[in-house]
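Step one of this worksheet: look at the structure below.
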Amino acid sequence: MTTSTINPEYQANTIEPQVQADWEQRKVFKVANTVENKHRYILSMFPYPSGKLHMGHVRNYTIGDVISRFYRLKGETVLQPMGWDAFGLPAENAAIAHQIAPAKWTFDNIAYMRNEFKRLGLSVDWDREIATCTPEYYHWEQWLFVQLYKKGLIYRKLSTVNWDPVDQTVLANEQVENGRGWRSGALVEKRDIPMYYFRITDYAQELLDDLDQLKDGWPQKVLTMQKNWIGRSEGMEVVFPAADTTIYSDPLTVYTTRPDTLMGATYVAVAAEHPLAKKAAELRPELNAFIDECRQGSVSEADVATTEKKGVDTGLFVQHPITQEHIPVWIANYVLMSYGSGAVMAVPAHDERDFEFANKFGLPIQQVIQSPNAEDAYSSTAWQEWYGTKDGTLIHSGEFDGLTFQAAFDALNERLSAKALGNKKVQFRLRDWGVSRQRYWGCPIPMINCPSCGQVPVPEEQLPVVLPTDVVPDGSGNPLAKMPEFYATTCPSCGADARRETDTLDTFVESSWYYARYASPEFTQGLVEPEAAKTWLPVNQYIGGVEHAILHLLYARFFHKLMRDEGVVQGDEPFSKLLTQGMVLADTFYREDAQGKKTWFNPTEIEFEHDDKGRVLAAHAKADGLPVVIGGQEKMSKSKNNGVDPHAIIEQYGADTARVFTMFAAPPDQSLEWSDSGVEGSNRFLKRVWRLAAGFVEAYPNTVVLDQSQLSSNAQDLRRKTHETIAKVGDDLERRYAFNTAIAAQMEFLNSITKFEIQSEQDAAVAREAIVTLLTLLSPFAPHLSQTLLAYFNLDLTDMQFPTVDESALVKNTLTIVVQVNGKLRGKLDVAIDIAKDELLTRAKALPEVQQFLTGPTKKEIVVPNKLVNLVV
Ligand code: ANZ
Ligand code: ZN
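Quick note: the numbering used here has the sequence shown finishing at residue 1218, numbered continuously throughout.
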């Protein structure tokens, strides 16, 4: 690049498009699939192409971009890709609302958002862009699906879904509102339909164990959330034989983590779907009413935990495995068919759910654990926290009395396993992942249903199964199921007429492996080119919202292991380091009507009244001038109407200001409070940098070579500041991702440079070094401004290196000595480092503020070199 004419004023909206065009034309951020030198893969979670940019995007992608640009300055080759998580329900909803095909809607949004991201100045290799809704992408998802199906890692089973009887369609949990379909308003039913499942439970232990590999790179809270979600528990399966085998002969198996409480089991409870419940209903049809009732309502586990406890007595009994006593079998809505064996031994004295249930239905409560705290007395009317303790000892348990939890566990395990009535069992909370969705806008499941062969995978050479894109769904059922041109096919194994699977995959599947596809997005021979995978994987730094801490990250970790076992990638984990960015908050404004209904105002619709100190006194709506209530800061959202439009901010101030503000306002993992004055402050900072740098080049187009030995004391001070700032910013960025303090240090540095008066050629050389350093340090945050100003210095940002600290510049050659008289601080003295002792004493005694205390001859003179002088009189 050649020096451009110097513009004395900062004009972001002129320079930013120019710089972006330059990047695009020179393909500055393009990287190869394989590289030899030091390289790094920085990835921000890819967006859903909703068609609108929000501040969360700006923050997320700026963080990734700052990190990418920093490592480029460090001389590394950095891959920063971008793409679109492009399948999903919003496109179908938009299609229903506006009669446009989801494909068109999605690609229009992508085109718009791509421009917005480019306008933000992201250093992305756009040649690697992917959209998950393209056959080039989902081809490999289908390919992997087929491999996993053949291996038995995918299976099909009946599962319960929310069914809208009017729209004749399956509803996602979030489409059920108060038990009714979101579109039809019909009462939602449960229905059993066949669905495909990924056997993620086969990997549960490994998913848990490998969290250890992430402990230095992932936030502790995310590791904990993953661990809890996987939910490993160690317990026992205990068998309760049928009491009267003439009625029912199958023994009932329960899963318990508290075998120590076995002697307190006063009933057993089974899920409504349990075979024993069905058997009981055959004998006593009146039970069917309750069983049907349990089938209504939501299928989500969270809802089950909070709903009121309900149940019925089956009239059947089982035998207690130790005492042989007969205890009743109940059907209870709090027992989940999907966990353990779908049956529990109820110990109301020590399990809170059983306690509530037993109290409601008058079932016996038998305390069998004594609190380690002698004052704790048991009362069966009110639950107390300690009832659930594992730290107590057994009572009312016959020969097991006095045992601790572990001793009782071992004793019962030994006793029951000898009689084949129990054994130790590890259980995970994690369930297999159901991936079938009865939706149109998703990746077709590559399976064929043959009347004689059953489920047959689509042969590899027939992949991809392409989703037709010219479809406008109307909300009633899955359009694919009404399109013979899509589903009519022949069986690959027997040649008979057969029907393609019309369900599509959960969109979480696409986002589980996209990071791998970025390594070689154009590769046509497989999911990822082996050499590219070796170069770029795992992702060195992953960045995204904490809302993805559980499912997305777990599924991606699972997929990495699946792909590893398929020989496609290496290593156990996809993301070495994870940064979870905080939320973006903004002020809220509202009015409340007589019914308490709030109307929210966007910040752009508000006018403020300030006092003479600039503090906000009141707020009014611009439209009518009437007051509004100032609510607190809340997460920017549609519901509170407090979103700030990034587009408008960029138009007004430029992308660099938006970037600097979002990085300066808070550490990346904490909430960021939006403030207009903060944005203006960041803009002022950049304007000052501009004036300083442009003014300097104008005045000193050429400078001499810097000579450290020729510097004035002021010049030495500035040079020290330059190198201290390099050290500080380097450390903040590399070790801590403390972008806010890195910018604060640069602001301070700018002040030092601005104050510095150039009086010699060497001074100018020092100022030049300082300004070029500032522009370089600032470049990850404000790349357009930096690149333009560096060009004034005949420097090209893309060739710049992160400056190295000159240790000799850090050495202080003067320091401040404290002068005491009789141990009391009386004065201070600026002296050269390692000044001779005599000279130091002479100058200390000569200080007027010291002299007035030197009332007689000094008895003792203590000199601590480079620190203090103490004169004793
Ligand atoms: C007796 C008992 C006594 C229990 C006690 C707890 C406390 P975690 O730790 O999450 O694995 N349980 C087993 N299967 C269930 C199902 N299908 N639906 C609902 N609850 C079920 O939970 C294990 C405990 O959850 C088991 O231990 C069982 O209740 C219950 F003082 O057995 B426990
Ligand atoms: Zn067949």
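Backbone N, C-alpha and C define an ideal beta-carbon position, used for all residues, glycine too.
In whole angstroms, what is the alpha-carbon distance linking residue i and residue j?
i     : j     : result
E1152 : I1071 : 11 Å
A1191 : N1167 : 16 Å
L553  : D917  : 12 Å
E481  : R936  : 51 Å
G988  : F1006 : 16 Å
L812  : F831  : 8 Å
W786  : P818  : 9 Å
I1056 : K1073 : According to the sequence displayed, residue 1056 carries Leu and not Ile. C-alpha separation (whole angstroms): 23 Å.
W429  : K1100 : 48 Å
G927  : R459  : 24 Å
R844  : Q807  : 15 Å
M346  : G1040 : Because M346 sits at a pLDDT of 44, beneath the cut-off of 50, its placement in the model cannot be relied upon, and the following sentence gives the value as read from the coordinates. The straight-line gap from Cα to Cα measures roughly 20 Å.
I714  : L632  : 34 Å
A1038 : I351  : 10 Å
K1169 : K1182 : 20 Å
G433  : V891  : 20 Å
V373  : P1125 : 14 Å
S389  : Y1137 : 33 Å
N358  : S821  : 48 Å
L1199 : A1010 : 52 Å
E551  : K922  : 19 Å
S725  : G743  : 21 Å
N507  : F490  : 25 Å
T348  : D1076 : Note that T348 scores a pLDDT of 48, beneath 50, so its modelled location is shaky and nothing firm can be said.
Y860  : L661  : 54 Å
W675  : L708  : 11 Å
D755  : K735  : 14 Å
Q940  : G524  : 26 Å
Q365  : P804  : 45 Å
Around the Cβ of residue i, are there at least 16 other Cβ atoms within 10 angstroms (buried) or fewer (exposed)?
i     : result
E1114 : buried
K906  : buried
Q1132 : buried
D453  : exposed
S856  : buried
D932  : buried
S984  : exposed
R862  : buried
E582  : buried
Q1091 : buried
D589  : exposed
V771  : exposed
Q1107 : buried
I1178 : exposed
L1063 : buried
What are the partner residues of residue i, as DSSP defines its beta bridges?
i     : result
A504  : In the sequence as presented, Ala is not what sits at residue 504; that position holds Ser. I538, per the DSSP bridge assignment.
K769  : M581
L923  : Y887
R525  : E522, L532
D1173 : One detail in the question is off: residue 1173 reads as Lys in this sequence, not Asp. Looking at the DSSP assignment, K1173 forms a beta bridge with V1163.
K1205 : V1217
W675  : A614, D658
D721  : D721 pairs with nothing; no bridge assigned.
I412  : According to DSSP, I412 bridges with nothing at all.
Problem set entry | Meets three-Cβ-pair contact criterion under 8 Å: the segment 867-879 and the segment 890-903 | no
For this session: Determine contact between the segment 995-1006 and the segment 948-967, defined as no fewer than three beta-carbon pairs at a distance below 8 Å.
Result: no
Problem set entry | Contact the segment 780-798 vs the segment 424-443: 3+ CB pairs below 8 Å | yes
Exercise. Counting pairs of Cβ atoms below 8 Å between the segment 594-613 and the segment 679-691, do you hit three or more?
Worked result: yes
Problem set entry | the segment 618-633 in contact with the segment 699-718 per 3-pair CB rule at 8 Å | no
Exercise. Would you call the segment 379-395 and the segment 415-427 in contact, with 3 or more CB pairs under 8 Å?
Worked result: yes
Exercise. Would you call the segment 659-672 and the segment 584-597 touching, i.e. three or more CB-CB distances under 8 Å?
Worked result: yes
For this session: May I ask you to verify whether the segment 468-477 touches the segment 488-501, counting CB pairs closer than 8 Å and requiring at least 3?
Result: no
Exercise. Should the segment 588-607 be regarded as contacting the segment 559-574, the criterion being three or more beta carbon pairs within less than 8 Å?
Worked result: no
Exercise. If you pair each beta-carbon of the segment 392-402 with each one of the segment 745-759, do three or more pairs fall below 8 Å?
Worked result: no
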